[in-house]
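Only one structure is covered here, and it is reproduced in the block below.
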Amino acid sequence: METEQMPPEISLVLPAYNEGENIAIVLKNSARYLNATNRPWEIIVIDNCSNDNTVSVVRAFIAKEARIRIIQHTSNFLYSGSCRTGIQNAKGKYVAIMDSDGQATAEDLPQFIDKLEKEGMNLVFGWRYARHDSKIRLFISFVFNMLGKLWIRFPFHDLNAGFRMFDRKFMAVATINYRINMVNPELYARAKKAHLKITEIKVQHFERNNGKTSHNFIKIWNIFIEINKYLFNLHKELKKPD
Numbered sequence: 003m004e005t006e007q008m009p010p011e012i013s014l015v016l017p018a019y020n021e022g023e024n025i026a027i028v029l030k031n032s033a034r035y036l037n038a039t040n041r042p043w044e045i046i047v048i049d050n051c052s053n054d055n056t057v058s059v060v061r062a063f064i065a066k067e068a069r070i071r072i073i074q075h076t077s078n079f080l081y082s083g084s085c086r087t088g089i090q091n092a093k094g095k096y097v098a099i100m101d102s103d104g105q106a107t108a109e110d111l112p113q114f115i116d117k118l119e120k121e122g123m124n125l126v127f128g129w130r131y132a133r134h135d136s137k138i139r140l141f142i143s144f145v146f147n148m149l150g151k152l153w154i155r156f157p158f159h160d161l162n163a164g165f166r167m168f169d170r171k172f173m174a175v176a177t178i179n180y181r182i183n184m185v186n187p188e189l190y191a192r193a194k195k196a197h198l199k200i201t202e203i204k205v206q207h208f209e210r211n212n213g214k215t216s217h218n219f220i221k222i223w224n225i226f227i228e229i230n231k232y233l234f235n236l237h238k239e240l241k242k243p244d
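Going by my numbering, the first residue of the sequence shown is number 3, and it counts up by one from there.
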């Protein structure tokens with residue numbers, strides 16, 4: 003097919019860690035929605051040292067679809083490291099990074115593209131306006147959002163949403179220096195310092211069908227300390243003169 007031979011216009015980056023139970027349906031649905039855009043595309047799975055069958059599942063898809071590829075980390079660089087690798091390797095005019103746990107959907111890609119293409123935005127964040135998460139996860143996100151407003155004046159609703167999209171102009175300044183399981187604050191800081199256009203859109207959010215994240219008080223407290231330090235450091239960066 004000619005579309006397969008053309009340079010991708012859309013790159014969809016999927017950071018993955020032990021998503022063997024979810025990645026197949028995510029890849030299947032993502033390819034379907036990307037085909038519906040009638041634009042050349044690629045999917046890049048960034049495997050962050052999974053110890054389940056994530057890689058083998060992805061390779062089975064690659065055998066049937068040349069527009070899907072995988073990059074495997076040899077060390078665990080956390081979520082921000084996977085996003086950095088995706089940005090460095092994406093070839094598209096527009097690049098989306100979406101979590102691979104099945105809670106987001108590539109069906110929302112046209113909304114992102116409209117903001118970038120028709121409204122001239124450079125960075126678009128997703129907003130999980132109707133979330134399907136546990137109370138503890140909602141509480142954690144509430145605290146994250148408060149800290150984001152406090153330290154970096156993050157003006158949007160969802161500091162840690164797992165879906166965002168941007169253009170090549172943003173990619174030129176999108177350095178990710180922090181090794182942490184979060185990336186939106188640093189992306190926002192880079193765009194803000196470069197005086198780029200940033201906005202948000204509402205995105206769909208689904209229950210996680212497979213895989214669970216365990217939380218206890220000590221773990222949550224340590225996460226808050228880590229995120230607070232991270233945001234404070236970004237605050238200092240934003241305060242520096244251009």
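Cβ coordinates follow ideal geometry from the N, Cα and C atoms, glycine included.
Which residue from the options puts its Cα closest to that of residue i?
i: residue 36; options: 143, 114, 222; result: 114
i: residue 129; options: 193, 205, 32; result: 205
i: residue 47; options: 240, 221, 29, 197; result: 29
i: residue 135; options: 232, 127, 210; result: 210
i: residue 117; options: 199, 212, 27; result: 199
i: residue 58; options: 110, 32, 21, 112; result: 21
i: residue 23; options: 164, 218, 102, 96; result: 102
i: residue 231; options: 181, 73, 93; result: 181
i: residue 151; options: 33, 190, 25; result: 190
In the DSSP output, which residue or residues are listed as bridge partners for residue i?
i: residue 1; result: Outside the shown range of the chain, which is 3 to 244, sits residue 1, and nothing can be said about it.
i: residue 204; result: 129
i: residue 18; result: 49
Ordered along the chain, which non-local residues of its own chain (more than five positions away) have a Cβ less than 8 Å from that of residue i?
i: residue 179; result: 188
i: residue 50; result: 17, 18, 19, 75, 78, 79, 80, 81, 83, 84
i: residue 195; result: 175, 239, 240, 244
i: residue 159; result: 129, 131, 147, 202
i: residue 55; result: 22
i: residue 60; result: 18, 25, 29, 47, 49, 70, 72
Consider the C-beta atom of residue i and the heavy atoms of the ligand ATP; say whether any pair is separated by less than 8 Å.
i: residue 57; result: Of the ligands one can find in the structure shown there are none, so the ligand ATP has no counterpart to examine.
For residue i, which residues from the same chain have a beta carbon less than 7 Å from its beta carbon, with the 5 sequence-adjacent residues on both sides left out?
i: residue 6; result: Confidence at residue 6 is low in this model, with a pLDDT of 49, below 50, so the placement of that residue should be treated as unreliable; the coordinate-derived value is given next. Here the set comprises 68, 69.
i: residue 229; result: 146, 149, 184
i: residue 162; result: 143, 146, 184, 186
i: residue 192; result: 175, 176, 177
Grab me the residues of residue i's own chain with a C-beta within less than 6 Å of its C-beta, minus the 5 sequence neighbours each way, in chain order.
i: residue 234; result: 153
i: residue 109; result: 35
(Q) So, does the stretch 169 to 182 touch the stretch 62 to 72, judging by three or more C-beta pairs under 8 Å? (A) Verdict: no, contact absent.
Q. Any chance the stretch 7 to 19 sits against the stretch 36 to 45, with 3 or more Cβ pairs inside 8 Å?
A. Contact between the stretch 7 to 19 and the stretch 36 to 45 is present: 3 or more CB-CB pairs across the two stretches fall below 8 Å.
Q: Count the CB pairs spanning the stretch 129 to 146 and the stretch 219 to 234 that are closer than 8 Å, and state whether there are at least three.
A: The stretch 129 to 146 and the stretch 219 to 234 touch, with no fewer than 3 CB-CB distances between them shorter than 8 Å.
Q.
Can you confirm whether the stretch 70 to 87 touches the stretch 176 to 185 when touching is taken to mean that 3 or more C-beta pairs between the two stretches lie within less than 8 Å?
A. With a cut-off of 8 Å on Cβ pairs, the stretch 176 to 185 is in contact with the stretch 70 to 87, counting three or more such pairs.
Q) What beta strand (DSSP E) runs, 3 residues minimum, are completely inside the stretch 118 to 198? A) If only complete runs of 3 or more residues are kept, the stretch 118 to 198 shows the beta strand (DSSP E) at 125 to 129, 165 to 169, in order along the chain.
Q) Can you give, in chain order, each stretch of the alpha helix (DSSP H) that sits fully within the stretch 40 to 74 and has at least 4 residues? A) For secondary structure counted as the alpha helix (DSSP H) over 4 or more consecutive residues, the stretch 40 to 74 holds these complete runs in sequence order: 56 to 64.
Q. Curious, which full-length alpha helix (DSSP H) runs of at least 4 residues does the stretch 74 to 101 contain?
A. The qualifying runs are 80 to 91.
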